[in-house]
Amino acid sequence: MLRKKTNGVARRSQRTSILSQAAETSVDRRTFLRGSGLAIGGLAAISATGGTVTQASAAGAVNGAVDLVKSVCTHCSVGCTVIAEVSNGVWTGQEPGWDSPFNLGAHCAKGASVREHAHGERRLKYPMKKEGGEWKRISWEQAIDEVGDQMMQIREESGPDSVYWLGSAKHNNEQAYLFRKFAAYWGTNNVDHQARICHSTTVAGVANTWGYGAMTNSYNDIHNSKAIFIIGGNPAEAHPVSLLHLLKAKEQNNAPVIVCDPRFTRTAAHADEYVRLRPGSDVALVWGILYHLFENGWEDKEFIRTRVWGMDQIKEEVAKWTPEEVERVTDVPGSQLKRVARTLANNRPGTVIWCMGGTQHTTGNNNTRAYCILQLALGNMGAEGGGTNIFRGHDNVQGATDLGVLSHTLPGYYGLSAGAWAHWSRVWNEDLDWLKGQFETVKAADGKDKNLMNLTGIPVSRWIDGILEDKENMDQPNNVRAMVLWGHAPNSQTRMKEMKTAMEKLDMLVVIDPFPTVSAVLHDREDGVYLLPAATQFETRGSVTASNRSIQWRDKIMDPLFESKPDHVIIAKLANKFGFGDRLFRNIEMEDAETPNIESVTREFNAGMWTVGYTGQSPERIKLHMANQHTFDRTTLQAIGGPADGDYYGMPWPCWGTAEMKHPGTPNLYDMSKPVSEGGLTFRARFGVERDGDNLLAEGVYSKNSDIQDGYPEFTYQMLKDLGWHTELTDQEKAAIARAAGIPEFQKGQDEVGEAGMSPFPSDFDDKVAKVNWKTDLSGGIQRVAIAHECAPFGNAKARAVVWTFPDPVPVHREPLYSNRRDLVADYPTYEDRKFYRLPTMYASIQKNDFSKDYPIVLTSGRLVEYEGGGDETRSNPWLAELQQDMFVEINPRDANDLGVRDGAQVWVEGPEGGKVKVMAMVTERVGAGVAFMPFHFGGHFEGEDQRSKYPDGADPYVLGESTNTAQTYGYDSVTQMQETKATLCKIWSA
19 MLRKKTNGVA RRSQRTSILS QAAETSVDRR TFLRGSGLAI GGLAAISATG GTVTQASAAG
79 AVNGAVDLVK SVCTHCSVGC TVIAEVSNGV WTGQEPGWDS PFNLGAHCAK GASVREHAHG
139 ERRLKYPMKK EGGEWKRISW EQAIDEVGDQ MMQIREESGP DSVYWLGSAK HNNEQAYLFR
199 KFAAYWGTNN VDHQARICHS TTVAGVANTW GYGAMTNSYN DIHNSKAIFI IGGNPAEAHP
259 VSLLHLLKAK EQNNAPVIVC DPRFTRTAAH ADEYVRLRPG SDVALVWGIL YHLFENGWED
319 KEFIRTRVWG MDQIKEEVAK WTPEEVERVT DVPGSQLKRV ARTLANNRPG TVIWCMGGTQ
379 HTTGNNNTRA YCILQLALGN MGAEGGGTNI FRGHDNVQGA TDLGVLSHTL PGYYGLSAGA
439 WAHWSRVWNE DLDWLKGQFE TVKAADGKDK NLMNLTGIPV SRWIDGILED KENMDQPNNV
499 RAMVLWGHAP NSQTRMKEMK TAMEKLDMLV VIDPFPTVSA VLHDREDGVY LLPAATQFET
559 RGSVTASNRS IQWRDKIMDP LFESKPDHVI IAKLANKFGF GDRLFRNIEM EDAETPNIES
619 VTREFNAGMW TVGYTGQSPE RIKLHMANQH TFDRTTLQAI GGPADGDYYG MPWPCWGTAE
679 MKHPGTPNLY DMSKPVSEGG LTFRARFGVE RDGDNLLAEG VYSKNSDIQD GYPEFTYQML
739 KDLGWHTELT DQEKAAIARA AGIPEFQKGQ DEVGEAGMSP FPSDFDDKVA KVNWKTDLSG
799 GIQRVAIAHE CAPFGNAKAR AVVWTFPDPV PVHREPLYSN RRDLVADYPT YEDRKFYRLP
859 TMYASIQKND FSKDYPIVLT SGRLVEYEGG GDETRSNPWL AELQQDMFVE INPRDANDLG
919 VRDGAQVWVE GPEGGKVKVM AMVTERVGAG VAFMPFHFGG HFEGEDQRSK YPDGADPYVL
979 GESTNTAQTY GYDSVTQMQE TKATLCKIWS A
């Protein structure tokens, strides 16, 4: 809070805020809600009667029947249930879901006001285009025709990769899946979403350590933790309801809470031990803790022997990190880290929690792997109360990632190999050659033809460079000419000065969103911009995946307001325009020509997502869980009796096999204390069976009741045969396996196996299908048989502490590109410049320059409890906008006094690439000397200029402000192209 609110009326902000225009009298809450729902939303009701809102009296209640509809909050990935009160089609009130095991009747400020997100008056109301510098209303038909015609022309002239399809973590699973499939049918891998810039380094680091790149346990399982280690995360503000579960462990287990963060956050206020580290020194900090663990023999030696590969190489690196060197690099005293190490060693199992503070670095994948190695050393993996609990930001960022809205993979993390495309072509019943023909073919360096369907696309973090980079330096024939921002806030990305230039260079910019976003105003375009109103998630139905991998179902609360349309309907409109709608939806039921049936879409991705076990959660099972939330235990998440008896809430993936198998879901990944059929698992055998002569499979340990009592590789048909288990496959399953192997007589899709007494299987059948594995068998038969013997379909291996395929096989500390510690740059330099994800990427060529004299202060960014993401929807919500009306920068009192800056004054903050922002100073000891912090939820001002006039009438958020990312700089992770926002430099002076 920058100022105390003296009453219910928002005071006039020093910046432009239309909240201050509200009148002085009041109206009761329910009358306000009813009026705003029936009219056009929030402020209209206030201005119609004048004033703010007071608590409703009983007499003010809505008359008539009230329907209660369950949905899921859209503001983070905890997955809180929202109970909507609906009267005559109008959403009139809401309550938190008391039966939900996730939120237990609680809401944060954002969750408590989601009704306004749907009924808000600042939404886009109809399609618009900018023409001659003016916003003009157009019809959907005109919009689709004009956008489609221009895209087809660009495709004809410059190829399919010249249109970039930027998707969203705000889509439900079904829409996300259709979006990735749509991009494939368009013929491009230039498709991505927000996960690239929030947790792509988590997915890469964690998946390459033990098999899956997701939260291993759950918020609820933290109840079992004996210690809680939080690094680079601020759940008290970013995921407030999750704090219920953390504090339960703190209170009932006396679990010490350790918070490592450059900033003393609201989460740190709950800590037993607060560790203030220098931004960008995470690996050094973790190695400093491990130094004491190894020095004192506190590591779990047996766990490491049986379940971990490469820890000896880690010990060699950690031995270099003496307490003195760790303090030099991190600013953390060695005595404090020894105390932290002892606390973790004495309180097991403990959990490790992180968020974007750890991921958004050029070394983000090193950080996430270091966190995993800490847990492996402590033996905290595969245990209740242990694990790595990675808190995701958007409501479906986990699901959209799983469903493949990414430039480097198809749904289910299958990648882009020929085998991956063949698998999904079979799921889609599509001609693989036709799909190949949709993609561009270019000449490779060796002179051979190369189809771009197998080449990773440009990531969202670099879409700017897809437009601005010299095409001779790119691994695609032409630059990006049309940009589609579909549910994406561009102010959440760095280098906004260059983004403005890129937007202005485009042939066409298309924004599809319930709100216009900063995309509408950042640029100075006079034409070629289209704003298409998407419906909110409360105006449609579908599944959504919480951070713990549980899948929940949202029911539709209300019909789409104004002229907005659900995202899957817009996808269908475009697919029909482009002429492949009939192919895209050939396996999907259509409610009409432009409305795919959501449940049918769920069933299609159920048919293909074998890798991560999105196959057992049918729509019926997901809905059954939502209807019976009260039957699930609040800690284990397991249903105790009732219609879902034995299931884990939301069937957290992997939920193996088909829905008919009734697998309960996997509550805690890699927990060998349970049989696989009851939610147990081993570490995944994803990296082969040996390395440098060492065994990569588990040593003499296995999941409960396993018929293989040792390590084993992933299951294939050949492995089933070797074990003598292949005879347990049904003929229908064998026929499906034959199709996966490409045996010609089984390619028609038939499930019949011939006349009675006759075998259709050729004599060499076993040899032809030997390589078909658990990931590509569409019948699920291989999974079914493996699990019947209580074996994990993906094998039983060791986690690997060393990732030999990464730039740094052993995680090492490297200084940020923009570092003010030139002594450390010399000792711990960044990478050499390199090219990947189609683009040249700079490292050493930036770091060799010393910016620290002119830009001495380290700049970092993060979240506020009041706002979410780019902030467009939450800053358009009057209940939230009143709470935080000014963009600000936190400055330590020492720095403020040295700079002559007073609390509440306006200051300029400038980054070394020249971007600058004008914001309010908050002088506080939350940040240490030499560090400044800004939230990233603001937009609508640019380098001191108010851009409110550039929004369409009535669609400007109540609160505008500068974006921290205007001052943020270049920098990308060495594996995933994650942007670096947590450790750059700036200078500050009075405005």
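Just so you know, we're using this note's numbering here: the sequence shown kicks off at 19 and counts up by one.
Glycine included, every Cβ here is placed at the ideal spot set by N, Cα and C.
Between Arg-198 and Leu-428 the beta-carbon gap is near 7 Å, inside 8 Å, which marks them as a contact. When DSSP states are grouped into helix, strand and coil, Arg-852 belongs to the strand group. When C-alpha distances from Ser-243 are compared across Gly-251, Ala-273, Ala-232, Ser-218, the shortest belongs to Ala-273. With distances taken between CA atoms, Glu-152 lies nearest to Val-539 out of Gly-251, Gly-138, Val-539, Met-679.
Per DSSP, Asn-509 is not a residue of any beta strand (DSSP E), being assigned neither H nor E.
DSSP places Phe-321 in no beta strand (DSSP E) but in the uninterrupted alpha helix (DSSP H) bounded by 319-325.
Leaving aside the five residues that flank Val-935 on each side, the residues in its chain whose CB is nearer than 6 Å to its CB run, in chain order, Val-927, Glu-980, Thr-984, Ala-985. Looking at the DSSP output, Asn-791 shares a beta bridge with Thr-734. In this chain, Trp-116 is not harboured by any alpha helix (DSSP H), its DSSP state being neither H nor E. Looking at the DSSP output, Gly-880 sits in a beta bridge with Pro-953. With contacts defined as CB atoms closer than 8 Å, Asp-531 and Gly-560 fail to qualify as a contacting pair. For Gly-368, the enclosing beta strand (DSSP E) stretches over residues 368-372.
Contact between Gln-456 and Arg-567 does not hold, since the beta-carbon distance rounds to 32 Å and is not under 8 Å. Only residues of its own chain outside the window of five on either side were considered, and among them Ile-215, Gln-378, Ser-479, Gln-511, Thr-512, Gly-989, Tyr-990 have a CB closer than 7 Å to the CB of Gln-997, listed in chain order.
Residues Cys-98, Val-100, Gly-129, Val-132, Asp-413 of the same chain have their beta carbon placed closer than 7 Å to that of Cys-91, with the five preceding and five following residues left out of the count. Counting only runs that start and end inside the segment 351-418, the alpha helix (DSSP H) elements of at least 4 residues fall at 352-364, 374-377, 382-396.
Straight across, the Cα-Cα distance linking Tyr-849 with Ala-862 is about 6 Å. Around the beta carbon of Trp-822, fewer than 16 other beta carbons sit within 10 angstroms, so the residue counts as exposed.
Going by DSSP, Gln-555 is part of no beta strand (DSSP E) at all; its letter is neither H nor E. In the DSSP annotation of this structure, the continuous segment of the beta strand (DSSP E) that includes Asp-531 starts and ends at 526-531. Spatial neighbours of Pro-970 in its own chain (CB-CB distance under 8 Å, excluding positions within 5 residues in sequence) are listed in chain order as Leu-142, Met-146, Trp-153, Pro-534, Ala-538, Leu-549. The beta carbon of Thr-613 is closer than 6 Å to those of Val-587 in its chain, skipping five residues each way along the sequence.
Secondary structure at Arg-709: strand, using DSSP grouped into helix, strand and coil. Under the three-state reduction of DSSP output, Met-576 falls in the coil class, being neither helix nor strand. Residue Asn-190 holds the alpha-carbon nearest to the alpha-carbon of Ile-569 among Val-108, Thr-700, Asn-190, Leu-295. Exclusion of the five residues before and after Met-501 leaves Tyr-182, Leu-524, Leu-527 as the residues of its chain whose Cβ lies within less than 6 Å of its Cβ. Along the segment 275-303, the beta strand (DSSP E) occurs as fully enclosed runs of 3 or more residues at 275-278, 291-293, listed in sequence order. Secondary structure in the segment 573-641: the beta strand (DSSP E) runs of 3 residues or longer, each lying completely within the stretch, are 608-610 in chain order. Glu-963 counts as exposed, since fewer than 16 other beta carbons sit within 10 angstroms of its beta carbon. Excluding sequence positions up to five before and after Met-169, its CB lies within less than 7 Å of the CB of Val-181, Ala-500, all in the same chain and listed in chain order. Judged by beta-carbon spacing, Ala-222 lies beyond the 8 Å limit of Ile-240, meaning their Cβ atoms are not closer than that value. A residue is called buried when at least 16 other Cβ atoms come within 10 angstroms of its Cβ; Trp-571 meets this threshold and is buried. Here Lys-816 is buried: its Cβ has 16 or more other Cβ atoms, across all protein chains shown, within 10 Å. Exposed is the label assigned to Pro-780, since fewer than 16 other Cβ atoms lie within 10 Å of its Cβ. Just so you know, the alpha carbons of Gln-995 and Leu-857 end up roughly 10 Å apart. Judged by their CB atoms, Ser-425 and Thr-348 are not nearer to each other than the 8 Å cut-off.
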